[in-house]
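Protein chains: 2
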Amino acid sequence: MINRTHDPELRSWIESANAPGCDFPIQNLPFGVFTRSAEGSPPKVGVAIGDFILDVSACVQEGLLDPSPAADACDESAINRLMARKPSALSAFRSELSDALSAAGSVGERARAAASRILVERSDAVMSLPAEIGDYTDFYASVHHATNVGSMFRPDNPLLPNYKWLPIGYHGRASSIVPSGTPVHRPSGQTKAADAERPTFGPSKMLDYESELGFFVGRGNALGESIPIDSAWDHIFGFCLVNDWSARDVQTWEYQPLGPFLAKNFATTISPWVVTSEAAEPYRVAALARDANDPKPLPHLSSDEDARYGGLNAFLEVYLSSSSMRDKRMDPVRLSRAPFNQMYWTVGQMLAHHASNGCNMRTGDLLASGTVSGPENDSRGCLLELTWRGTQPVTLPTGEKRRFLQDGDEVIMKGYLEADNRPRLGFGECRGIILPAA
Amino acid sequence: MINRTHDPELRSWIESANAPGCDFPIQNLPFGVFTRSAEGSPPKVGVAIGDFILDVSACVQEGLLDPSPAADACDESAINRLMARKPSALSAFRSELSDALSAAGSVGERARAAASRILVERSDAVMSLPAEIGDYTDFYASVHHATNVGSMFRPDNPLLPNYKWLPIGYHGRASSIVPSGTPVHRPSGQTKAADAERPTFGPSKMLDYESELGFFVGRGNALGESIPIDSAWDHIFGFCLVNDWSARDVQTWEYQPLGPFLAKNFATTISPWVVTSEAAEPYRVAALARDANDPKPLPHLSSDEDARYGGLNAFLEVYLSSSSMRDKRMDPVRLSRAPFNQMYWTVGQMLAHHASNGCNMRTGDLLASGTVSGPENDSRGCLLELTWRGTQPVTLPTGEKRRFLQDGDEVIMKGYLEADNRPRLGFGECRGIILPAA
Numbered sequence: 014m015i016n017r018t019h020d021p022e023l024r025s026w027i028e029s030a031n032a033p034g035c036d037f038p039i040q041n042l043p044f045g046v047f048t049r050s051a052e053g054s055p056p057k058v059g060v061a062i063g064d065f066i067l068d069v070s071a072c073v074q075e076g077l078l079d080p081s082p083a084a085d086a087c088d089e090s091a092i093n094r095l096m097a098r099k100p101s102a103l104s105a106f107r108s109e110l111s112d113a114l115s116a117a118g119s120v121g122e123r124a125r126a127a128a129s130r131i132l133v134e135r136s137d138a139v140m141s142l143p144a145e146i147g148d149y150t151d152f153y154a155s156v157h158h159a160t161n162v163g164s165m166f167r168p169d170n171p172l173l174p175n176y177k178w179l180p181i182g183y184h185g186r187a188s189s190i191v192p193s194g195t196p197v198h199r200p201s202g203q204t205k206a207a208d209a210e211r212p213t214f215g216p217s218k219m220l221d222y223e224s225e226l227g228f229f230v231g232r233g234n235a236l237g238e239s240i241p242i243d244s245a246w247d248h249i250f251g252f253c254l255v256n257d258w259s260a261r262d263v264q265t266w267e268y269q270p271l272g273p274f275l276a277k278n279f280a281t282t283i284s285p286w287v288v289t290s291e292a293a294e295p296y297r298v299a300a301l302a303r304d305a306n307d308p309k310p311l312p313h314l315s316s317d318e319d320a321r322y323g324g325l326n327a328f329l330e331v332y333l334s335s336s337s338m339r340d341k342r343m344d345p346v347r348l349s350r351a352p353f354n355q356m357y358w359t360v361g362q363m364l365a366h367h368a369s370n371g372c373n374m375r376t377g378d379l380l381a382s383g384t385v386s387g388p389e390n391d392s393r394g395c396l397l398e399l400t401w402r403g404t405q406p407v408t409l410p411t412g413e414k415r416r417f418l419q420d421g422d423e424v425i426m427k428g429y430l431e432a433d434n435r436p437r438l439g440f441g442e443c444r445g446i447i448l449p450a451a
Numbered sequence: 014m015i016n017r018t019h020d021p022e023l024r025s026w027i028e029s030a031n032a033p034g035c036d037f038p039i040q041n042l043p044f045g046v047f048t049r050s051a052e053g054s055p056p057k058v059g060v061a062i063g064d065f066i067l068d069v070s071a072c073v074q075e076g077l078l079d080p081s082p083a084a085d086a087c088d089e090s091a092i093n094r095l096m097a098r099k100p101s102a103l104s105a106f107r108s109e110l111s112d113a114l115s116a117a118g119s120v121g122e123r124a125r126a127a128a129s130r131i132l133v134e135r136s137d138a139v140m141s142l143p144a145e146i147g148d149y150t151d152f153y154a155s156v157h158h159a160t161n162v163g164s165m166f167r168p169d170n171p172l173l174p175n176y177k178w179l180p181i182g183y184h185g186r187a188s189s190i191v192p193s194g195t196p197v198h199r200p201s202g203q204t205k206a207a208d209a210e211r212p213t214f215g216p217s218k219m220l221d222y223e224s225e226l227g228f229f230v231g232r233g234n235a236l237g238e239s240i241p242i243d244s245a246w247d248h249i250f251g252f253c254l255v256n257d258w259s260a261r262d263v264q265t266w267e268y269q270p271l272g273p274f275l276a277k278n279f280a281t282t283i284s285p286w287v288v289t290s291e292a293a294e295p296y297r298v299a300a301l302a303r304d305a306n307d308p309k310p311l312p313h314l315s316s317d318e319d320a321r322y323g324g325l326n327a328f329l330e331v332y333l334s335s336s337s338m339r340d341k342r343m344d345p346v347r348l349s350r351a352p353f354n355q356m357y358w359t360v361g362q363m364l365a366h367h368a369s370n371g372c373n374m375r376t377g378d379l380l381a382s383g384t385v386s387g388p389e390n391d392s393r394g395c396l397l398e399l400t401w402r403g404t405q406p407v408t409l410p411t412g413e414k415r416r417f418l419q420d421g422d423e424v425i426m427k428g429y430l431e432a433d434n435r436p437r438l439g440f441g442e443c444r445g446i447i448l449p450a451a
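Here the protein sequences line up with chains A and B, keeping their order.
Using our numbering, the letters of the first sequence map in sequence onto residues 14 to 451.
Using our numbering, the letters of the second sequence map in sequence onto residues 14 to 451.
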């Protein structure tokens, strides 16, 4: 439901929030967990606005926000308690935040006067993981990605018969999810070259990123209950960017018959700001239209509303910066830009499928879409696809070639929600630099 | 290291602990989390002894145990804080518990006098999950199970080339792990018969159990660090039984290419008592000897100590009771008894492998062995194998046939550590009854 927090004309008294290209205009208001770098203060929940973070509990102290369970839940080191609030309560809270940051109105006026006490510069803050993540599930919802990868791993059988009937997913590792900016050691693992007689153990030679959209569960479901597809969005608190780092050589050797394991669980990086479902509302679009030959989804994955409205007009971008590029003060180079509205399965279908057997979702659980790749060559969301398993290296502005990631490479993911006549909402950044194997 | 708590001659002043066949003699002392059914008291940590639970915090109040971080950690609703203690501190704590429960010595004398205040009858208590489980990983370490199942799913290729090089594992779902006694709804899911043109959605028709040994991580490792195989046991706090319920028809259709997902994550049942690594120490045996044709494990999975000492002389049993058997007051029938010392991979190898890429283990993480099947027909740890995918039904004492589980069936798992001239240590029970699909 579109409300006054979505008004495209709204402006903030914080000028950087009104600048074109800013990730965090007043229509966004994503939640995250920050610590002021200078102080020894504990982490707490804030809202990104322009170049700043709004300190929610400071706003309550200043009388700019009414005390409420939602506001109270921001005085914690994770947003889980906030996420568990009803959508209507979250919506009311978001309206209050919007008023406090608005260039119009008396609350905004008072907030501006209190700016030095309620704002923290983003560059002065350290961001933690936004939520305590109980379980992490990764899907495989881009048919372009699945077809590309399938044709490399199983040339005779790229897209398996189940793909268009259900959103394929698997469980990932929650312990190794880290916030943007955390360096990632190149993993070691067991690999076997196709022509080798036996495997060996050592640093991965085919380290890759995967650019994905993550979504957090707000209210969960009890064990044994399902989530009907038309209720799925009520259970989605919001979105973030996910880099599902992958060691392709480890994956090739280990993944049969039970799926990826050590190839993925050494690290998963997420962006620290959670863009709420409510903020994303005006950017919802029709789900990808099925081809005439595609099966109609079974009833528990099928809904007119989801077909009309279950897509998301998001774009995910991947940038790379090698250490040599940084030495030469070159900007990171963009490797890809992928449209999320080309995903075969919607987030509603993924969540409804996940709970269709009675599996319980808990507040703070993270689900991710799988690599977001579009139909074009420059919309492929991982190096495996971009370089076609290393056979077509990409060339960096320095002339360096990349088949897979080298030590010192930094991967920077960005993402945006876009709609005509509306400000672009950004997800912020999801960054990680590769360190040599430990 | 064997110490006085392992003395096979030790007896407790609690007579039921000395009875032959008792799961919980004084040499066992497993930890669990209990609530007295009659009272509104909060859950806390106890120790199983004979037919009773020793209330650890009550013992501290009575002056029978010295206040210590380990004892203090028992005044909580999960054993995580206890698990994170150093092995030496846990060993000292276990010695104190042994003294308090011993039929000899003055502490035992005083404890006996306080019996009514420090003991709870097990039948008067409700057991919760012992630990907060951050991540749950399931392995596939029985070569007999892997060969049997592989030959059904991939007749041309039963044991994949990677099997004998690394312990295959995958991530399971932590949210749906439930304690013994929790009823389990038959899951619904998408399945496709081999001869059907399209899949359908409905209650699973091939619901199965899997009998596994679980092991809990005590002290973890930091992200980016590995766990050398010779240190693995220092990180294992203890053991429990695991029933990895599996919907085989769902699994067959969904598992490629990313592994089991909804076929498994609707429920996993564990026994509530954690038998410590220290209690298990005298039951460690040589790992399964490799055949002449088997590859020698790579260095990170290979150790003389693990080969000599990394096996565990445990036996896992599965019993079934149908509702008709219960109506006729028949005892549950034993379906299988499987030797854990026939597993291809040791628990040390599984843990070392899991962390070999730097994946961080956290205190309370649960790892499970995968179905424990031995080489004999009656040592097969799931119905899929026992009935050879339903083609050879088992006959219950009522004359009923079982290919897979029916509504009303109760599955009861038991397990034991056995050694010559030592008391048998039991894991307690892991029970679950199947309710109709929700």
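C-beta: ideal position from N, C-alpha, C; glycine also.
Source: prediction; values computed, not measured.
Coarse secondary structure for residue i, derived from DSSP in three states
i                : result
Leu314 (chain B) : helix
Ala97 (chain B)  : coil
Tyr296 (chain A) : helix
Ser164 (chain A) : helix
Cys72 (chain A)  : helix
Ala381 (chain A) : strand
Glu223 (chain A) : coil
Ala305 (chain A) : coil
Glu256 (chain B) : Correcting the residue type first, residue 256 (chain B) is Asn in the shown sequence and not Glu. Looking at Asn256 (chain B) - three-state DSSP - the assignment turns out to be strand.
Pro216 (chain A) : strand
Ala159 (chain B) : helix
Gly185 (chain B) : coil
Phe228 (chain B) : strand
Ile92 (chain A)  : coil
Gln203 (chain B) : strand
Phe274 (chain B) : coil
Thr359 (chain B) : coil
Counterpart residues of residue i in DSSP-defined beta bridges
i                : result
Phe440 (chain B) : Per DSSP, none; premise fails for Phe440 (chain B).
Ala61 (chain B)  : B:Ile66
Leu448 (chain A) : A:His198
Asn115 (chain A) : Asn is not the amino acid found at residue 115 (chain A); the sequence shown has Ser there. Paired residue(s): A:Ser25.
Arg132 (chain A) : Note that residue 132 (chain A) corresponds to Leu in the displayed sequence, not to Arg. For Leu132 (chain A), which the question treats as bridged, DSSP gives the partners A:Leu67.
Tyr149 (chain A) : A:Leu379
Thr48 (chain B)  : B:Val139
Pro192 (chain A) : A:Ile283
Integer-rounded CB distance, given that residue j should sit under 8 Å from residue i
i                : j                : result
Asn354 (chain B) : Gly324 (chain B) : 5 Å
Ser83 (chain B)  : Phe106 (chain B) : The question names Ser, yet the displayed sequence has Ala at residue 83 (chain B). Yes, they are in contact, since the Cβ atoms of Ala83 (chain B) and Phe106 (chain B) sit about 4 Å apart, within 8 Å.
Tyr4 (chain B)   : Asp151 (chain B) : Chain B is shown from 14 up to 451; residue 4 (chain B) falls before or after that span and cannot be answered.
Gly194 (chain A) : Arg375 (chain A) : Actually they are not in contact, since the Cβ atoms of Gly194 (chain A) and Arg375 (chain A) sit about 26 Å apart, beyond 8 Å.
Pro56 (chain B)  : Val46 (chain B)  : 5 Å
Ser335 (chain B) : Gln419 (chain B) : 7 Å
Ala293 (chain A) : Ala276 (chain A) : 31 Å between Cβ atoms; not a contact.
Ile485 (chain B) : Ala365 (chain B) : Residue 485 (chain B) lies beyond the range of chain B shown here (14 to 451); nothing can be said about it.
Ala124 (chain B) : Ala116 (chain B) : Wrong, their Cβ atoms sit about 10 Å apart, outside the cutoff.
Arg94 (chain B)  : Ala102 (chain B) : Actually they do not touch by this definition, with Cβ atoms about 12 Å apart.
Inset, instruction - Go through the segment 307-356 of chain B residue by residue and report every complete run of the alpha helix (DSSP H) that reaches 4 residues or more, in order. - result: Taken in chain order, the complete alpha helix (DSSP H) segments of 4 or more residues contained in the segment 307-356 of chain B are 317-322, 336-340.
Legend entry - Stretch pair the segment 56-68 of chain A + the segment 29-44 of chain B: three plus CB contacts closer than 8 Å: Too few Cβ pairs lie closer than 8 Å, so no.
Legend entry - Any beta strand (DSSP E) of 3 or more consecutive residues that is wholly inside the segment 391-439 of chain A: The beta strand (DSSP E) runs lying completely inside the segment 391-439 of chain A and spanning 3 residues or more are 423-430, given in chain order.
Legend entry - Stretch-stretch touch, CB-based, cutoff 8 Å, three pairs: the segment 119-132 of chain B with the segment 158-171 of chain B: Output reads no: the segment 158-171 of chain B does not touch the segment 119-132 of chain B.
Inset, instruction - Evaluate contact between the segment 389-406 of chain B and the segment 271-285 of chain B, counting only Cβ atoms and requiring at least three cross-stretch pairs below 8 Å. - result: No, because fewer than three Cβ pairs between the segment 389-406 of chain B and the segment 271-285 of chain B fall closer than 8 Å, the two stretches do not touch.
Legend entry - Cβ contact (3+ pairs, closer than 8 Å) linking the segment 224-240 of chain A and the segment 109-124 of chain A: Verdict: no, contact absent.
Legend entry - Cβ contact check for the segment 421-437 of chain A and the segment 287-305 of chain A: 3 or more pairs under 8 Å: Below 8 Å, enough C-beta pairs join the segment 421-437 of chain A and the segment 287-305 of chain A to call them touching: three or more.
Inset, instruction - Inspect the CB distances between the segment 256-271 of chain A and the segment 203-221 of chain A and report whether three or more fall short of 8 Å. - result: Touching, per the Cβ criterion.
Legend entry - Given 8 Å, three or more beta-carbon pairs between the segment 137-150 of chain B and the segment 368-386 of chain B: The segment 137-150 of chain B vs the segment 368-386 of chain B: in contact.
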